[in-house]
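Single-structure report; data block below.
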Amino acid sequence: MSNSIFSDGSSKIKACVSHINSLNEIKFKKLLQRIAEKTGRQNETIFTLDELNKLESAFEISADNIKQMIETLEYMFLQSAYHLVKPQVLLNDLVNEQNFDENKHVLYKAKLVVEQWSSSAKEIVERLKSTHIASHSLSDVRWTLDVGISQASKSKVKRPTAIYEFQLKNDQTQEIEKVQTEFNKEELYAFFEKLESIQNRFKSRRIRQVTSDLKTK
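Its first residue numbered 1, the sequence shown is counted upward by one per residue in full-length UniProt numbering.
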């Protein structure tokens, strides 16, 4: 099992390495600066549609690949902020886990990412601390198992589905909004795997915080 701080997005990062490699250092550095400036800002897009079109022409790669690269780099900054990653730890992760060591050219790009993180980390973390991410909070969860009869054949029981109702409380009006969703067996398993991953991150963060507190005493 990978110990990467980007464990959930490693495949996405690795897929972007070739696109990152296609950019010269000056263009890549400017791209990183813009992404870092916007990371953690609510209701703001990193690039406008017009700017994305200009990037497509300047970078000579497809708009989809540019968007993927921007989203991936933003994700890297967000994860680094979440884990309060030190620069050397980030560099080691990029080199050892994310294939940024393919050649010296790509390795230099990894160092540029780390340099940008070093200079922007404090601002990004502060923005995230002051941002109210969600206007709704989870009030209650209800579920039921639906094992109905197939419409195509009255004699056949259709594939069972779990129906979840998430009751969300609006933090401003205090009103409850009900959101229902269905899961088949595979989807439900994937959903709980994701929840387990999130829970493990909470535990990991708590352990690091306790360790840090002990060191300061």
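Just so it is clear, CB atoms sit at the ideal spot from N, CA and C, and this is done for glycine as well.
Burial state of residue i, where buried means 16 or more other Cβ atoms lie within 10 Å
i      : result
Phe6   : buried
Thr39  : buried
Val114 : buried
Ala110 : buried
Val210 : Confidence is the limiting factor: at Val210 the pLDDT is only 48, short of 50, which leaves the residue's position unreliable, though a coordinate-based value still follows. With fewer than 16 other Cβ atoms within 10 Å, it is exposed.
Ser80  : buried
Per DSSP, cross-strand counterpart(s) of residue i
i      : result
Phe183 : Ala162
Lys169 : Ser137, Ile176
Arg142 : Glu165
Own chain, CB closer than 6 Å to residue i, minus 5 neighbours either side, in chain order
i           : result
residue 219 : Any answer about residue 219 is impossible in this case: the structure gives the chain only from 1 up to 217.
Gln180      : Glu165
Closest Cα partner of residue i within the set the options
i      : options                     : result
Thr72  : Gln98, Gln199, Glu182       : Gln98
Thr161 : Gln42, Thr173, Asp146       : Asp146
Gln88  : Ile20, Gln199, Leu112       : Leu112
Val141 : Arg127, Ile163, Lys122      : Ile163
Leu84  : Glu25, Leu55, Glu56, Ser118 : Ser118
Residues of its chain near residue i, where Cβ-Cβ distance is below 8 Å and the 5 sequence neighbours each way are ignored
i     : result
Phe59 : Ser22, Leu23, Lys27, Ile66
Ile70 : Leu31, Ile35, Ile46, Phe47
Cutoff 7 Å; reference residue i; Cβ partners in own chain excluding five residues on either side
i      : result
Ala36  : Phe77, Gln116, Ser120, Ile124
Leu138 : Phe166, Leu168
Enumerate, from N- to C-terminal direction, the unbroken alpha helix (DSSP H) stretches of 4 or more residues contained entirely within the stretch 21-101. Every alpha helix (DSSP H) stretch that sits fully inside the stretch 21-101 and reaches 4 residues is listed by chain position as 25-38, 49-59, 63-83, 87-96.
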